Amino acid sequence: MEKILWELVQLVRQQSPLVHNITNYGVMNNTANALLAAGASPIMAHAKSEIKEMIAISHSVVINIGTLDEYWSESMIMAADTAHSTGKPWVLDPVGAGATSFRDEVLNRLLPYQPTVIRGNASEIIALAKANITVTKGVDSTAKSNEAIDAARSLAGQYEAIVCISGETDIILDHQQEIFIKNGHPLMTKVTGLGCSATALIGAFIGIAENKVLAVAAAMAVIGIAGELAAEESNGPGSLQVNLTDKLYSITEQEFSSRLKIERL
């Protein structure tokens with residue numbers, strides 16, 4: 179599988195997919211830079227008057243509810259509706275799901291437009307599936323990724339989506355298969371928005387790949403491995419952020435293949 183995943187990394191570099199992001203203020207710059215470093219082209223646009231035209235020229239759409247407000251939420255609904263009706267793949271990042279009734283309301287309006295991929299931490303996935311565990315801690319997870327597998331399976335079945343649970347082990351699943359990726363480094367949790375960057379990278383990969391599950395796996399693998407490599411030459415979260423961007427840009431097949439820790443069920 180490692181060869182297929184690396185080919186997808188290369189395909190993003192070659193095709194430079196255009197990714198339309200409606201994402202949060204706190205990560206917008208980092209997200210755009212991560213996409214550029216990986217070879218994709220970011221658009222960061224939320225004005226309702228141009229959403230349909232932007233999506234028409236984009237390969238995929240990323241919706242991240244991190245810094246939610248009333249105007250942006252309507253833009254997100256419009257973008258999800260447009261992506262769904264035109265067959266464009268789109269990713270939902272349910273940041274802080276379960277934290278407030280406003281977030282849950284917006285998510286309940288977005289989900290019927292059947293996101294291609296839902297990516298969140300374990301607590302967000304559990305809250306989104308309205309499982310028994312409903313405690314979240316803002317954008318940080320209070321649960322481990324393996325505790326959210328049942329919730330993820332429920333979401334995948336209900337919305338015909340690929341679900342990616344990020345954590346110490348990243349779990350990617352749909353109704354047919356489950357993939358476990360054990361790459362990354364603990365220092366990555368000290369940099370804001372790396373999960374959001376992963377979501378954006380997923381958007382780039384699903385924009386050009388036929389096999390969407392493997393596209394998600396490739397995106398999560400490349401950012402996890404880049405994080406490992408970056409951590410080895412970083413003194414803290416500040417330098418990690420810079421070094422990780424560099425590694426997304428310069429990562430080699432040998433680095434990718436030798437580091438990849440993946441299991442498929």
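The numbering of the sequence shown is this note's numbering, which starts it at 179 and goes up by one. The beta-carbon is built from N, C-alpha and C at its ideal position, and this holds for glycine as well. Note that the coordinates shown come from a computational prediction; the quantities given were computed from them, not determined experimentally.
When the Cα atoms are used, Lys181 and Arg437 turn out to be separated by approximately 13 Å. When beta bridges are read from the DSSP output, Gly298 appears opposite Ile343. The three-state reading of DSSP puts Leu270 in strand, counting E and B together.
Here the stretch 225-241 lies against the stretch 250-267, with 3 or more beta-carbon pairs under 8 Å apart.
Between the C-alpha atoms of Val240 and Trp268 there is a straight-line separation of about 6 Å. Cβ-Cβ distances below 8 Å link Ile429 to Val187, Val400, Ile403, Ala404 and Leu407 in the same chain, with the five nearest sequence neighbours on each side left out; the list follows chain order. Collapsing the DSSP output to three states places Val239 in a strand. Bounds of any alpha helix (DSSP H) do not take in Ser227, whose DSSP letter is neither H nor E. Taking the C-beta atoms as reference points, Ala382 is found no nearer than 8 Å to Val205. Going by C-alpha positions, Leu392 is about 35 Å away from Glu248. Fewer than three pairs of CB atoms, one per stretch, sit closer than 8 Å, so the stretch 371-378 makes no contact with the stretch 278-286.
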